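Throughout the sequence shown, residue numbering follows my numbering, covering 1 to 782 in sequence.
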Amino acid sequence: MDKKRVSYIGAAVLVSLILIAAVSIFLTGDGITGFAVFDIPSNDIVSANFSNHTLQINATINNLQGNIACNLTHYSPSNPVPRTKQMLNFSSNQFTANLTNATDSYPVLETVSIIINCTNTTDSANSSVLEYKIPNEEPTLMAFSVSDPKTSINATHFYLERNESNISYYIIAGFGSDPDGDALTHVITKNNTIVNQSTSTSVSWLRNPGDYTDVGYWIFEAYVTDGWGNDTKTVFVNISGGPPQWSNNRTNIPSGNSYSPGTFYQFNITWIDDENHMDTALIEHNFTGTLSNYSMYNLSSVYLYNQTELAAGTYTWKSYANDTVGFLVESDQWTYTVEKAASSCLLNIDPSSPQNVSSKINASCSSTDPQTTAKLYRNGNDVTASENNKEVTLPAGLHNYTCNSSSQNYTYSENTSTMQIDKFASSVNLTLDGTDNDLTINKGDTVNITGFLLDGDTNIELYIDGTLINNDTNPVTNITQFNSSGTYTILLKHPETANYTSFSETHTLIVLNPSSPPSGGGGNNRCRSEWSCTPWTDCTNNTENQTRKCYDIMACSNPTNIPETVKSCPIQLTRSEEPDSSGGCLTNWTCTEWGPCLPEGRQYRNCTDMAELYPEKYCFSTAYRPKEVKACTPPTPESPAYCPIPWWAVISLAIAFALFIIIAAYYDYKYKDAEDEIRRVNASKLKAFIEFMILALSLYLLINRCISDTLRIIIIIILCFTFGISYVYFQRYKPKRKVTIYKCPVCKKKFRSKDRYKRHIKRCATFRNRIKHLFRKKKTKK
Numbered sequence: 001m002d003k004k005r006v007s008y009i010g011a012a013v014l015v016s017l018i019l020i021a022a023v024s025i026f027l028t029g030d031g032i033t034g035f036a037v038f039d040i041p042s043n044d045i046v047s048a049n050f051s052n053h054t055l056q057i058n059a060t061i062n063n064l065q066g067n068i069a070c071n072l073t074h075y076s077p078s079n080p081v082p083r084t085k086q087m088l089n090f091s092s093n094q095f096t097a098n099l100t101n102a103t104d105s106y107p108v109l110e111t112v113s114i115i116i117n118c119t120n121t122t123d124s125a126n127s128s129v130l131e132y133k134i135p136n137e138e139p140t141l142m143a144f145s146v147s148d149p150k151t152s153i154n155a156t157h158f159y160l161e162r163n164e165s166n167i168s169y170y171i172i173a174g175f176g177s178d179p180d181g182d183a184l185t186h187v188i189t190k191n192n193t194i195v196n197q198s199t200s201t202s203v204s205w206l207r208n209p210g211d212y213t214d215v216g217y218w219i220f221e222a223y224v225t226d227g228w229g230n231d232t233k234t235v236f237v238n239i240s241g242g243p244p245q246w247s248n249n250r251t252n253i254p255s256g257n258s259y260s261p262g263t264f265y266q267f268n269i270t271w272i273d274d275e276n277h278m279d280t281a282l283i284e285h286n287f288t289g290t291l292s293n294y295s296m297y298n299l300s301s302v303y304l305y306n307q308t309e310l311a312a313g314t315y316t317w318k319s320y321a322n323d324t325v326g327f328l329v330e331s332d333q334w335t336y337t338v339e340k341a342a343s344s345c346l347l348n349i350d351p352s353s354p355q356n357v358s359s360k361i362n363a364s365c366s367s368t369d370p371q372t373t374a375k376l377y378r379n380g381n382d383v384t385a386s387e388n389n390k391e392v393t394l395p396a397g398l399h400n401y402t403c404n405s406s407s408q409n410y411t412y413s414e415n416t417s418t419m420q421i422d423k424f425a426s427s428v429n430l431t432l433d434g435t436d437n438d439l440t441i442n443k444g445d446t447v448n449i450t451g452f453l454l455d456g457d458t459n460i461e462l463y464i465d466g467t468l469i470n471n472d473t474n475p476v477t478n479i480t481q482f483n484s485s486g487t488y489t490i491l492l493k494h495p496e497t498a499n500y501t502s503f504s505e506t507h508t509l510i511v512l513n514p515s516s517p518p519s520g521g522g523g524n525n526r527c528r529s530e531w532s533c534t535p536w537t538d539c540t541n542n543t544e545n546q547t548r549k550c551y552d553i554m555a556c557s558n559p560t561n562i563p564e565t566v567k568s569c570p571i572q573l574t575r576s577e578e579p580d581s582s583g584g585c586l587t588n589w590t591c592t593e594w595g596p597c598l599p600e601g602r603q604y605r606n607c608t609d610m611a612e613l614y615p616e617k618y619c620f621s622t623a624y625r626p627k628e629v630k631a632c633t634p635p636t637p638e639s640p641a642y643c644p645i646p647w648w649a650v651i652s653l654a655i656a657f658a659l660f661i662i663i664a665a666y667y668d669y670k671y672k673d674a675e676d677e678i679r680r681v682n683a684s685k686l687k688a689f690i691e692f693m694i695l696a697l698s699l700y701l702l703i704n705r706c707i708s709d710t711l712r713i714i715i716i717i718i719l720c721f722t723f724g725i726s727y728v729y730f731q732r733y734k735p736k737r738k739v740t741i742y743k744c745p746v747c748k749k750k751f752r753s754k755d756r757y758k759r760h761i762k763r764c765a766t767f768r769n770r771i772k773h774l775f776r777k778k779k780t781k782k
């Protein structure tokens, strides 16, 4: 702070002390008290400059007696001649006197001496002296700020843009005021150096365009002075070369890549600060679900952030950077997407469709998604816990299976399949008097009606003309006497159950009324025929006519009115092709030929609904499904012809093979030395003969049709083993070395072993011959 400002502050303090003293002084005369100076018009103790106000002097006269006259005299060093002023506003024992600047002017900070003289009628006088110093009011600086012309915003921190050198920045001091009306001087300093001053009502400072030396911290001060005192305001301004700049935002894995467990992600961005004031950089992201800030590390000007594994989803991220100057800058915001990884569901149903109600069904559902367990649904119900990869028995019907899986990181996948569970086809057999056919009897005869359950799981029902006559387990029997002639329909039925279809078999029973013999005496009584016919047969694709059987109930020897038993099919509609009663369209079943009669007394065939192949032509219906099982009488199986096994050949082969093994194992080992070659060769001749026998017997047995496959395999193994041993023998003892032959001169016998040759000499040679043998030269033979 300069010396002038110190003097201004000291003067203000001195004036305040004088004013306080003026208020506390009392006259020491006989009675003048309350001597004080006030400011008009506020009538307060003086605090304003006398040059702009009227000063009022008040006093109180004590011990007032008679008339009194008082005068006020004032003077100062600059006006030493006393000036007398008549007391004004005299009232009772109080009086006032006013000093105005127009007639009683004194300079600021001038000390004025004020004297009051009062005289009463007894000519007694009192006087009092008050010294008053004219005060000064300090000026006020009304405004001081730093303004950026680009934004018109006052700030204490702004930066210079290097590519905008024509932009200027202002330091605005505003304007000041002085209550005394003194002339003012405005001053702006930069780090205690005056950069501008003016005596006008305001002052401002403009930074030179392109002056980059302004970068840094600066203390700007502005003050206003009236010559006696001043007012100062200070602003600390930070001028920098600009905030950090970002570029090159990158990731090591492009956005939109599919999820992969444990993938390492790296996000980086480049931050550059021209003044090398870079402090820290942060990344803001919602990789964990909520937006949060995290620190970044740097390699030079590249700032990086590492993230291990990101769940599939869409994320946002951006970066913040601040420098030591105080700038905080944020980058753009980017979107980063991790797509769900592809997954697939595997649905396997074993065995394949269709199956029947007794089958064990194993539906296994799995997914390639390792983060979830695939769910198995059957007919819309979750059966994962109870049926997945487990054997279960299903009720009859169509079952829709769905295997699906979905998780946060893997796509939804689904696999579907169906399983048709069919009911067992029930089967019954109806016999009339033990025959599986229609029957004709005479009135009054008794018929044994018996029904057998071939396939099913419930009671079977026996009907005569639609009336239930028996309901029982297998078999069901009813012995009925028919006393009325006519045609009766005998029906054996297995009703539909949860596991079996409905099935029935029908036979026609015709009860005849034997014709009465001719009555005696009269004329001829002619027999009148009464006919009972079976239903017409069905028209099929392979027939053009319908047939039926008709029976004369009266059993006339010369029947009359014989009904038609053959007629043409009106249209080619048969049991395998019938109009549906509800919709009028055709149903068509195609069946294979009946199979052979099996030992259990059944024949089978397969029937196919042609609506499955031609849905636009035929209707789906089971009402006319043909019978696929029927009873039959199996043929008596013929006893197979006896095929004797030639055991003599089998035993001979076993003996020959045993001898071959003994010779190969024992004699080949015993005669393995070179001098034993003759004996080994003799044994080999026997072995070759036995080997020939083994080959002949084996061929005989192999072409014999009575030999089982197991025995054939054993024979082939024997042959392979035999020839293998022979091959090894010839490889071991093939002639590759020289052999010494010793020949007896007496019996001409040859020896390859010297020891055997000597023993032979002892038995068949004389002494002379022995000497001859000892010195006989040896012969060599390859």
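All C-beta atoms in this analysis are idealised placements derived from N, C-alpha and C, irrespective of residue type, glycine included. As the structure is a prediction and not an experimental result, all values here were calculated from the model.
Spatially closest choice to residue i from the options, by CA coordinates
i, options, result
"residue 657", "690, 630, 182, 681", "690"
"residue 321", "244, 218, 645, 490", "244"
"residue 106", "314, 338, 75", "75"
"residue 341", "653, 697, 756, 256", "256"
"residue 666", "645, 650, 683", "683"
"residue 137", "147, 369, 179", "179"
"residue 726", "699, 706, 695", "695"
"residue 720", "476, 461, 698", "698"
"residue 602", "436, 556, 442", "436"
"residue 713", "530, 702, 723", "702"
Assumed close pair residue i, residue j - CB separation to whole angstroms, cut-off 8 angstroms
i, j, result
"residue 549", "residue 565", "7 angstroms"
"residue 454", "residue 631", "7 angstroms"
"residue 447", "residue 477", "11 angstroms between Cβ atoms; not a contact."
"residue 425", "residue 628", "6 angstroms"
Cβ-based burial, residue i [other Cβ within 10 Å; buried from 16]
i, result
"residue 266", "exposed"
"residue 793", "Since the first and last residues shown for the chain are 1 and 782, residue 793 lies out of range."
"residue 600", "exposed"
"residue 493", "buried"
"residue 662", "exposed"
"residue 651", "exposed"
"residue 647", "exposed"
"residue 709", "exposed"
"residue 143", "exposed"
"residue 27", "Confidence is the limiting factor: at residue 27 the pLDDT is only 32, short of 50, which leaves the residue's position unreliable, though a coordinate-based value still follows. So residue 27 ends up on the buried side."
"residue 139", "buried"
"residue 421", "buried"
"residue 378", "buried"
"residue 551", "buried"
"residue 588", "buried"
Residue i in three-state terms, based on DSSP
i, result
"residue 619", "coil"
"residue 257", "strand"
"residue 369", "coil"
"residue 519", "With a pLDDT of 42 at residue 519, under the threshold of 50, the modelled position of that residue is not reliable, and no figure is offered here."
"residue 227", "coil"
"residue 763", "helix"
"residue 73", "strand"
"residue 594", "coil"
"residue 176", "strand"
"residue 706", "coil"
6 angstroms CB neighbourhood of residue i in its chain, flanking five on each side removed
i, result
"residue 258", "339, 341"
"residue 384", "375, 376"
"residue 482", "511"
"residue 507", "430, 432, 438, 490"
"residue 517", "At residue 517 the pLDDT is 47, less than 50, meaning the model places this residue with poor confidence; the figure from the coordinates comes in the next sentence. Within the same chain, residue 517 has no close Cβ partners at all."
"residue 327", "243"
Proximal residues to residue i (C-beta, below 7 angstroms), its chain only, five neighbours per side dropped
i, result
"residue 318", "284, 330, 331, 332, 333, 334"
"residue 313", "338"
"residue 496", "502"
Own chain, CB closer than 8 angstroms to residue i, minus 5 neighbours either side, in chain order
i, result
"residue 743", "749, 750, 751, 779"
"residue 466", "489, 491"
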